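Residue numbers (this note's numbering): 59 to 168. Note that CB positions come from ideal geometry on N, CA and C, so glycine has one too. Small disclaimer: the values here were computed from a predicted structure and weren't measured. The next block holds one structure in the form of structure tokens; read it before the comments.
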């Protein structure tokens, strides 16, 4: 039977979020990520990317964003994500050149 993981309820936010740990280049950041099953990409805010040691100029893959983020430049970056005690997984993120965007876990395998 599959085991379950429970996360604390947060009544501060009206949107579904989950606590995660992001790792890249020897750095780790804990944050709450918005679960957006309607999004086709994972989105990483600029400031979190910097905290993870990512260097904007070294990310050469440019990714177009859509909707209200269409004017924000984004570049591809791989980051390890850990949820609870589960094994970390390597996910691709659109690293936005704006810190005014949410950290989003979308559906990257559409």
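Give me the Cα-Cα distance between residue i and residue j, rounded to the nearest whole angstrom.
{"i": "residue 124", "j": "residue 142", "result": "31 Å"}
{"i": "residue 154", "j": "residue 144", "result": "27 Å"}
{"i": "residue 88", "j": "residue 165", "result": "21 Å"}
{"i": "residue 72", "j": "residue 162", "result": "15 Å"}
{"i": "residue 115", "j": "residue 121", "result": "14 Å"}
{"i": "residue 93", "j": "residue 160", "result": "10 Å"}
{"i": "residue 90", "j": "residue 101", "result": "12 Å"}
{"i": "residue 135", "j": "residue 117", "result": "7 Å"}
{"i": "residue 147", "j": "residue 106", "result": "18 Å"}
{"i": "residue 140", "j": "residue 112", "result": "18 Å"}
Is residue j closer than 9 Å to residue i when the C-beta atoms are compared?
{"i": "residue 83", "j": "residue 110", "result": "yes"}
{"i": "residue 79", "j": "residue 86", "result": "yes"}
Tell me which same chain residues have a C-beta within less than 6 Å of the C-beta of residue i, skipping the five on either side of it?
{"i": "residue 99", "result": "152 and 164"}
Using 8 Å for Cβ pairs, my map puts residue i next to residue j. What's the rounded Cβ distance?
{"i": "residue 77", "j": "residue 157", "result": "Not confirmed; about 19 Å, so no contact."}
{"i": "residue 138", "j": "residue 97", "result": "Not a contact, Cβ separation roughly 20 Å."}
Which residue comes first and which comes last in the alpha helix (DSSP H) that contains residue i?
{"i": "residue 108", "result": "104-109"}
Taking the beta strand (DSSP E) that residue i falls in, what are its first and last residues?
{"i": "residue 88", "result": "85-93"}
{"i": "residue 153", "result": "147-154"}
{"i": "residue 81", "result": "75-82"}
{"i": "residue 129", "result": "Taken as a continuous stretch (DSSP letters only), residue 129 belongs to no beta strand (DSSP E), as it is neither H nor E."}
Leaving aside the five residues before and after residue i along the sequence, list all residues of the same chain whose C-beta is less than 8 Å from its C-beta, in chain order.
{"i": "residue 130", "result": "123, 154, 155, 156 and 159"}
{"i": "residue 119", "result": "133 and 134"}
Excluding the 5 residues preceding and the 5 following residue i in the sequence, name in chain order all residues of the same chain whose CB lies nearer than 7 Å to its CB.
{"i": "residue 150", "result": "100, 134, 136 and 166"}
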